[in-house]
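Single-structure report; data block below.
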Amino acid sequence: MARDCGFEECQVLKTHGCGQLRAEHAGEQVTLAGWVHRRRDHGGLVFLDLRDSTGLVQVVVHPDAAPAFEAASDVRSEYVVQVQGQVVARRDGTENPEMPTGSIEVAATSIVVLNEADTPPFPVNQETDVVEATRLRYRYLDLRRERMQRNLRLRHQVTQFIRQFMDADGFIEVETPVLGLATPEGARDYLVPSRVHPGAFYALPQSPQQWKQLLMVAGVDKYYQIARCYRDEDLRGDRQPEFTQLDVEMAFVEQEDVLDLAERLYLGLCQEVGGFTYPETFPRLTYAECMERFGTDKPDTRYGLEIHDLSGYVRNSEFQVFAKVVQEGGRVRGFAVPGAADVSRRGLDALTEVARDAGASGLVWVQFAGEGPLDGLAADDIKTPIARFFSPDDLAALGKACGAKRGDLLLIAAGPDALTSRVLDVLRRQVAEERDLADPERLDFLFVTEFPAFEWDEDGERWSAVHHLFTAPFPEDVALLESDPGAVRSNAYDLVCNGQEIASGSIRIHSRETQLAVLRTLGLTLEEAQMKFGHMLEAFRYGAPPHGGIAPGLDRTVALFAGERDIREVIAFPKTKSASDLLTGAPAGVTPEQLAEVHILLDEEARQALAARATGVHGADEDDA
Ligand code: ASP
């Protein structure tokens, strides 16, 4: 079958995608090519499910189609085959409504094996659980599986939508360098040694932050980039050494403009992807309000479990633990868990352990038996270790303050706000997980605003920027930069969804003086500021416009819409928790010549570690995925 494509030798390997065939194709001669998903022998007939990127179709091979039948009898799972045949409607009763192609099958006249396949290390045709290290080692097989095909397609759909949306909104995509200057702030940099500048290093960008601000000075009003970012951090489920951001910057904007853009974009994505409920407008909570109600700046608001201040009720109580904390300036806070009055002692002990792990010295719980409002409680209606310090009415008052009813459980922590926030946040998430309170089909987007600009870094004994050092302080707080940095609020904001930070951004400093003042607050001398940020300070002298931006994490966004917990499930070739690529074996040693070219000498530790790695197939961390 030669196709008229300008090349005589060009053969048509396939005329249709397997998953595209429908009843209306019945009677057509088709050529398909793909992988053998499954083979079944049925009373003299051979059935092959043939798979390509468009889906599955059933191929039936009759014994009287002799060479095809022989070939079909020999093929095994994951063989690559070409099938020619006729599309035929399936007989009544043999249709498969589960398959988009289930009303037809292809009666094969010819089957050609294009390539054989070893038995794969795990079944490609089933969504069985496979150890992640094995999935990553054979990622090309893992990606053949339905879930990963779906995730890759969803990722494509999301990025396509973003590009069209940003373009329609007047943004232009600008690429910025991957080889740049090391930044002393933020996470650890990935360094790249320079061959032509002995001893000098580039750093891979942690984000294109400085470039995008320079683009604003350059007169690009609306910039975006789907940008790869690199951070040499210890990794968790939602972190990868390289990850992708939708990086956005706009000139002549205020916070509301940026939030509006992010809201429209994510509402658009919700509609594009479908299948989720979401708020029509995203609530805006200040950082302070968020910490007060949820104990965290990235709350999951799909379930209530809101935190309440109980200090006023216990300040003068006989229970010294509570009274003392309040008198010393701490607070007693708690939340109600609906319908959890029957949680066993063992369950409560486990929750106490969770609280202890988060730093609490203990956890107080109160269980209210029965149904209905918390009125007229008798001592018998209440189970709690603090019963002897409080009357039933006092305990009912605590419960009411948290919105509890009979049948509910109260969890109460005491201490400084930072501690109770941390503990109650962990408990909220634990309880929600155990009781399955979070609706997986809901996307609860919200914005958090008015972050503090600086936090005290105990280890470094200095102030560090909560967002980053280019974030503008509130104009009315600039005066506090020297006297009270902890009280300075910043024009930073986050987009949060279901307990995860999806994006963060800020209005930036565009005045050289304010930038210098912030750098001073962070402990940099004028000389250091010049050395590290001289290019930014200089650019600000040449008419830098007011500007601001945001950077949603693309991997997290796709994971959210894919219903995946781990961003590795939406990245084609992710790395393990120790930043290794199990497929290629990266990172790996290089030749002495390569090292010499970049003027690097390995120390003893590095030499020994490399020697140890050489004894493993792909390094020592296959099992750390
Ligand atoms: N560059 C920032 C980050 O990576 C985001 C921003 O402020 O736009 O977190």
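According to the numbering used here, the sequence shown holds residues 5 to 629 in order.
Glycine residues also receive a C-beta, built at the ideal position from the N, C-alpha and C atoms.
For this session: Confirm the yes/no value for this check: CB of glycine 184, any heavy atom of the ligand ASP, distance under 7 Å.
Result: No heavy atom of the ligand ASP is found nearer than 7 Å to the CB of glycine 184.
Exercise. Sorry if obvious, but does the Cβ on isoleucine 554 come closer than 7 Å to a heavy atom of the ligand ASP?
Worked result: Closer than 7 Å to some heavy atom of the ligand ASP: that describes the Cβ of isoleucine 554.
Problem set entry | 8 Å Cβ cutoff met for leucine 402 and leucine 415 | Note that the C-beta distance between leucine 402 and leucine 415 is not below 8 Å.
Problem set entry | Bounding residues of the beta strand (DSSP E) (the contiguous stretch that carries isoleucine 416) | Looking at the DSSP string, the run of the beta strand (DSSP E) that includes isoleucine 416 is 413-419.
Problem set entry | Sequence-distant residues of its chain with Cβ nearer than 8 Å to glutamate 150 (five each side left out) | For glutamate 150, where only same-chain residues beyond five positions count, the Cβ hits under 8 Å are Glu131.
Problem set entry | CB contact below 8 Å: tyrosine 227 versus chain D | Within the model displayed, chain D is absent; a lone protein chain is all it includes.
Exercise. Using a threshold of 7 Å, is the CB atom of histidine 514 nearer than that to any non-hydrogen atom of the ligand ASP?
Worked result: With a threshold of 7 Å, the Cβ atom of histidine 514 does not count as near the ligand ASP, since no heavy atom of the ligand is closer than that.
Exercise. What residue does the beta strand (DSSP E) around threonine 588 start on, and which one ends it?
Worked result: Unbroken run through threonine 588: none, as it is neither H nor E.
Exercise. Quick one: Cα of arginine 110 to Cα of alanine 70, how far?
Worked result: Position check: residue 110 holds valine in this sequence, whereas arginine was assumed. A straight line joining the alpha-carbon of valine 110 with that of alanine 70 spans about 16 Å.
Problem set entry | Short Cβ contact (8 Å threshold) for glycine 490 with phenylalanine 458 | If you check the CB distance, glycine 490 and phenylalanine 458 come in under 8 Å.
Problem set entry | Cβ-based burial, histidine 41 [other Cβ within 10 Å; buried from 16] | The residue is buried, with at least 16 neighbouring Cβ atoms inside 10 Å.
For this session: Consult DSSP for leucine 25 and reduce its assignment to one of helix, strand or coil.
Result: In the three-state reduction of the DSSP assignment, leucine 25 falls in the coil class.
Exercise. Grouping DSSP H, G and I as helix and E and B as strand, with all else coil, what is glutamine 62?
Worked result: DSSP places glutamine 62 in strand when its eight states are reduced to three.
Problem set entry | N-terminal and C-terminal residue of the beta strand (DSSP E) that glycine 553 is part of | Segment 551-556, the beta strand (DSSP E) holding glycine 553.
Problem set entry | Neighbour-count burial assignment, lysine 328, 16 or more Cβ in a 10 Å radius | Residue burial annotation: lysine 328 is exposed, with fewer than 16 other C-beta atoms found within 10 angstroms of its C-beta.
Exercise. Around the Cβ of methionine 535, are there at least 16 other Cβ atoms within 10 angstroms (buried) or fewer (exposed)?
Worked result: Exposed is the call here.
Problem set entry | N- and C-terminal bounds of the alpha helix (DSSP H) containing arginine 159 | Run containing arginine 159: 150-172, per the alpha helix (DSSP H) assignment.
Exercise. Taking just the CA atoms, how far does aspartate 570 sit from valine 492?
Worked result: The straight-line gap from Cα to Cα measures roughly 35 Å.
Exercise. Is there contact here, the segment 477-488 with the segment 243-253, by at least three beta-carbon pairs under 8 Å?
Worked result: In this structure the segment 477-488 does not touch the segment 243-253; the number of beta carbon pairs closer than 8 Å is below three.
For this session: Could you say which of Pro591, Ala359, Leu606 and Phe577 lies nearest to glutamate 597 if we only look at CA atoms?
Result: Minimum Cα distance to glutamate 597 is reached at Leu606.
Exercise. Can you find a heavy atom of the ligand ASP that lies under 7 Å from the Cβ of glutamine 213?
Worked result: Yes; taking the cut-off as 7 Å, the Cβ of glutamine 213 has a heavy atom of the ligand ASP nearer than that.
Exercise. For proline 231 versus glutamine 210, is the C-beta spacing smaller than 8 Å?
Worked result: Looking at the sequence itself, residue 231 is alanine, so the reference to proline does not match. No, they are not a contact pair.
For this session: Taking 8 Å as the cut-off, decide whether the C-beta atoms of alanine 400 and leucine 381 are in contact.
Result: Contact check for alanine 400 against leucine 381 passes: the beta carbons are separated by less than 8 Å.
For this session: Could you tell me which uninterrupted beta strand (DSSP E) segments, each at least 3 residues in length, are contained entirely in the segment 186-239, listed from first to last along the chain?
Result: You should have 195-197, 205-207 and 226-234.
Problem set entry | For serine 515: DSSP bridge partner residues | Per DSSP, none; premise fails for serine 515.
Problem set entry | tyrosine 546 classed as buried or exposed, judged by whether at least 16 other C-beta atoms fall within 10 angstroms | Tyrosine 546 is classed as exposed because its beta carbon has fewer than 16 other beta carbons within 10 Å across all chains shown.
Exercise. Cβ of serine 198 within 7 Å of any heavy atom in the ligand ASP?
Worked result: Taken from the Cβ of serine 198, every heavy atom of the ligand ASP lies 7 Å or farther away.
Exercise. The beta strand (DSSP E) spanning proline 124 covers which residue range?
Worked result: For proline 124, no beta strand (DSSP E) encloses it, and the DSSP letter there is neither H nor E.
Exercise. In three-state terms, what does DSSP make of glutamate 13?
Worked result: Only weak support is given to the placement of glutamate 13: the predicted model assigns it a pLDDT of 48, under 50, and the value that follows is read from those uncertain coordinates. If DSSP states are grouped into helix, strand and coil, glutamate 13 belongs with coil.
Exercise. When we look at the beta-carbon of glycine 97 and count the other beta-carbons within 10 Å, is it buried (16 or more) or exposed?
Worked result: Glycine 97 comes out exposed.
Exercise. Buried or exposed: phenylalanine 544, going by 16 or more other Cβ atoms within 10 Å of its Cβ?
Worked result: Flag for phenylalanine 544 reads buried.
Problem set entry | tyrosine 317, enclosing alpha helix (DSSP H) - first and last residue | Run containing tyrosine 317: 315-318, per the alpha helix (DSSP H) assignment.
For this session: Reducing DSSP to helix, strand and coil, say where threonine 305 ends up.
Result: Assignment of threonine 305 by DSSP, reduced to helix, strand and coil, places it in the coil class.
For this session: Drop a sphere of 10 angstroms on the beta-carbon of phenylalanine 256, count the other beta-carbons inside from all chains shown, and report buried for 16 or more, exposed for fewer.
Result: Its Cβ having fewer than 16 others within 10 Å, phenylalanine 256 is exposed.
For this session: Kindly confirm or deny that the segment 118-126 and the segment 72-82 touch, where touching means at least three C-beta pairs closer than 8 Å.
Result: Contact between the segment 118-126 and the segment 72-82 is present, because at least three Cβ pairs lie under 8 Å.
Exercise. Name the DSSP bridge partner or partners of lysine 581?
Worked result: Partner(s): none; lysine 581 has no beta bridge.
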